[in-house]
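Asker: Quick one: the structure is below, questions incoming.
Protein chains in written order, with the numbering used here: chain A, 1 to 301; chain B, 1 to 228.
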């Protein structure tokens with residue numbers, strides 16, 4: 001084994017011993033729940049209770065117990081988090097395993113979401129409202145009648161699935177064409193209204209702002225900067241004129257505005273990712289290892 | 001039949017929806033089309049799932065490198081799918097207890113919720129969190145303050161990054177109010193960034209309109225693929 005391998009093995013053994021000791025003393029990674037009865041709104045029907053997560057400091061209270069399934073889940077989530085973070089050291093089997101799980105779970109997750117929200121709620125409830133009301137969606141309004149026009153998207157769906165067939169896969173292009181055509185038609189108008197006209201409308205600002213206390217220099221400068229910024233950026237985007245002389249100067253100003261925009265965008269993206277990383281580290285240290293307690297969830301334990 | 005009909009379908013659908021927008025009686029067609037759009041998107045997920053299974057099963061049967069991971073992917077996929085479709089561990093809704101299947105498929109405590117909470121969410125969030133390190137590392141290697149534009153970009157990124165933290169407020173507290181990093185970040189975001197983003201948005205709007213027209217008029221046929 002290489003020196004790096006020895007170091008990693010030793011680190012893993014130490015971490016394992018630490019976790020075992022903490023676990024044996026009941027000092028980490030446990031999830032507590034409280035069973036709350038569900039109030040059934042139909043008389044005569046059997047009621048049940050549901051487990052709601054509670055802070056660990058409430059252990060010992062009536063009805064509060066350790067949820068072993070959620071405890072195992074927390075450990076699983078922590079191990080998955082560590083597996084993904086291990087990629088920072090380099091590509092390794094643990095990362096690949098977590099990645100494989102993620103690919104499978106996310107494909108399955110979105111398929112289930114698509115089935116219950118897209119197919120059941122939007123398609124089946126329109127084609128067979130009585131059947132769906134008596135089985136899957138009892139809350140479906142009585143006013144929902146059968147809409148046979150939805151046979152058309154059903155047909156398109158079948159055509160789309162033809163892509164899986166070894167022959168006649170080209171038929172799926174018909175459904176795809178409908179999909180693309182509808183998107184193009186709707187987006188054309190939508191973007192014209194929201195991204196083009198409304199943005200121009202918002203840029204037509206008063207360059208001299210007069211408030212209740214007279215001339216407002218700050219607001220006027222702000223509006224002037226926005227108008228000049230938008231116009232100079234648009235000049236930079238306009239490639240039908242050579243960027244020389246005045247046009248060149250204005251487009252250079254546009255580049256500076258764009259650089260500020262990209263810099264701000266970059267800063268925000270990094271901040272967002274760092275926030276996510278902090279969240280994951282907080283999960284490991286707070287929910288799993290119990291070494292920090294920012295929300296005082298284990299105060300007095 | 002293979003290429004002309006799809007072009008015709010795309011053109012008719014698109015132009016009918018555009019025309020419908022201007023007629024009061026048919027203005028809801030767009031909303032209706034969006035529902036159909038959602039249905040087809042759900043079907044596309046099935047297509048995607050089926051393709052994922054096919055490719056991974058092929059890898060397993062060929063015993064190609066990494067076939068074990070492919071097996072893990074297939075198992076994770078089917079486990080999530082069965083658990084979610086069968087609403088395992090889902091209690092009926094409190095309003096309709098007599099209907100066994102009336103509960104929400106993402107109900108807290110159900111098996112599908114368990115998979116979301118303890119596998120899907122932590123894995124996805126950590127994947128994205130990992131990008132923080134790679135963005136920082138790539139930026140450190142790529143960004144060099146060689147010219148005016150690069151200096152502006154770097155300074156803005158620095159101000160926005162530091163200005164949104166306590167350190168930014170503490171370090172620049174002695175400066176005039178307008179130059180303190182938290183206020184400067186506000187000015188950058190509400191004035192300069194707004195102007196740049198507005199111009200980009202106008203450009204995107206025009207781009208989408210021209211691309212949509214190219215698709216509807218059959219000039220852009222890339223969505224049909226290359227095979228005849």
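Where is the CB? At the ideal position from N, CA and C, for every residue including glycine.
Under 9 angstroms between C-beta atoms, does residue 240(A) make it to chain B?
Answerer: no
Asker: Looking at C-alpha atoms only, which residue of 252(A), 8(A) and 41(A) is the closest neighbour of residue 148(B)?
Answerer: 252(A)
Asker: Three-state secondary structure (DSSP) at residue 262(A)?
Answerer: helix
Asker: Which whole-angstrom value describes the C-beta separation of residue 175(A) and residue 118(B), a residue pair presumed to lie in contact below a C-beta threshold of 8 angstroms?
Answerer: Contact doesn't hold; Cβ gap of about 36 angstroms is too wide.
Asker: Can you tell me whether DSSP reads residue 35(A) as helix, strand or coil?
Answerer: Residue state, collapsed to three classes: strand.
Asker: So residue 50(A) is in the beta strand (DSSP E); what residue range does that whole segment cover?
Answerer: 49-54
Asker: In the structure shown, what three-state DSSP assignment does residue 66(A) receive?
Answerer: strand
Asker: How far does the alpha helix (DSSP H) with residue 122(A) in it reach, from first residue to last?
Answerer: No alpha helix (DSSP H) contains residue 122(A), which DSSP labels as neither H nor E.
Asker: Taking buried to mean at least 16 other C-beta atoms within 10 Å of its own C-beta, is residue 187(A) buried or exposed?
Answerer: buried
Asker: Scan the region 207-223 of chain B for residues whose Cβ lies nearer than 8 angstroms to a Cβ of chain A and list them as they occur along the chain.
Answerer: 208, 209, 211, 212, 213, 215, 216 and 223
Asker: With DSSP as the reference, identify every bridge partner of residue 214(A), one or two as the case may be.
Answerer: 211(A)
Asker: Run through chain A and tell me which residues come within less than 7 angstroms of residue 193(B), C-beta to C-beta.
Answerer: 260, 261 and 264
Asker: Return the residue from the list 155(B), 127(B), 27(B) and 199(B) that minimises the CA-CA distance to residue 235(A).
Answerer: 199(B)
Asker: Per DSSP, what kind of secondary structure is residue 286(A) in: helix, strand or coil?
Answerer: DSSP places residue 286(A) in helix when its eight states are reduced to three.
Asker: Could you confirm whether any beta carbon from chain A is found closer than 9 angstroms to the beta carbon of residue 179(B)?
Answerer: no
Asker: Give the interface partners of residue 229(B) over in chain A, defined as CB-CB distance under 9 angstroms, in chain order.
Answerer: It is not possible to answer for residue 229(B), since the shown part of chain B is limited to 1 through 228.
Asker: Roughly how many angstroms lie between the CA atoms of residue 143(B) and residue 76(B), to the nearest whole one?
Answerer: A direct Cα-Cα distance of roughly 40 angstroms separates residue 143(B) from residue 76(B).
Asker: On a CA-only basis, which of 71(A), 140(A) and 123(A) is nearest residue 96(B)? Give me that one, please.
Answerer: Minimum Cα distance to residue 96(B) is reached at 140(A).
Asker: Can you tell me whether DSSP reads residue 43(A) as helix, strand or coil?
Answerer: coil
Asker: Run through DSSP, which three-state label would residue 252(A) get?
Answerer: helix
Asker: Determine the chain A residues that contact residue 60(B) at a beta-carbon separation under 8 angstroms, and present them in chain order.
Answerer: Near residue 60(B) there are no residues of chain A at all, since even the closest Cβ is about 12 angstroms away, more than 8 angstroms.
Asker: With DSSP as the reference, label residue 297(A) as helix, strand or coil.
Answerer: Per DSSP, reduced to three states, the secondary structure at residue 297(A) is coil, with no helix or strand assignment.
Asker: Could you work out which residue in 72(A), 138(A), 45(A) and 32(A) is closest to residue 54(A) when comparing CA atoms only?
Answerer: 32(A)
Asker: Determine the DSSP secondary structure at residue 94(B), reduced to helix, strand or coil.
Answerer: coil
Asker: Quick one: is the Cβ of residue 183(B) within less than 8 angstroms of any heavy atom of the ligand ATP?
Answerer: The model on display carries no ligand, and the ligand ATP is accordingly not part of it.
Asker: Please go through the same chain and pick out, in chain order, the residues whose beta-carbon is closer than 8 angstroms to the beta-carbon of residue 36(B), but skip the five residues on each side of it.
Answerer: none
Asker: Counting only Cβ pairs nearer than 7 angstroms, list the residues of chain B close to residue 214(A).
Answerer: The contacting residues do not exist; residue 214(A) stays about 20 angstroms from chain B at best.
Asker: In three-state DSSP terms, what is residue 108(B)?
Answerer: The answer is coil: DSSP assigns residue 108(B) none of H, G, I, E or B.
Asker: On a CA-only basis, which of 157(A), 156(A), 153(A) and 128(A) is nearest residue 143(A)? Give me that one, please.
Answerer: Nearest in C-alpha terms to residue 143(A), of all of 157(A), 156(A), 153(A) and 128(A), is 128(A).
Asker: Figure out for me which residue from 9(A), 146(A), 216(A) and 266(A) has the closest Cα to the Cα of residue 134(B).
Answerer: 266(A)
Asker: In angstroms, rounded to a whole number, what distance separates the CA positions of residue 224(A) and residue 195(B)?
Answerer: 10 angstroms
Asker: For residue 115(A), which of 83(B), 42(B) and 1(B) has the nearest alpha-carbon?
Answerer: Considering only 83(B), 42(B) and 1(B), the residue with the shortest C-alpha distance to residue 115(A) is 42(B).
Asker: Of all the options 154(B), 130(B), 192(B) and 161(B), which has the alpha carbon lying nearest to the alpha carbon of residue 227(A)?
Answerer: 192(B)
Asker: Can you tell which of 89(B), 174(B), 154(B) and 39(B) has the C-alpha that lies nearest to the C-alpha of residue 261(A)?
Answerer: 154(B)
Asker: In the DSSP assignment, the alpha helix (DSSP H) including residue 136(B) goes from what residue to what residue?
Answerer: Its alpha helix (DSSP H) spans residues 121-142.
Asker: Is DSSP giving residue 59(B) helix, strand or coil here?
Answerer: helix
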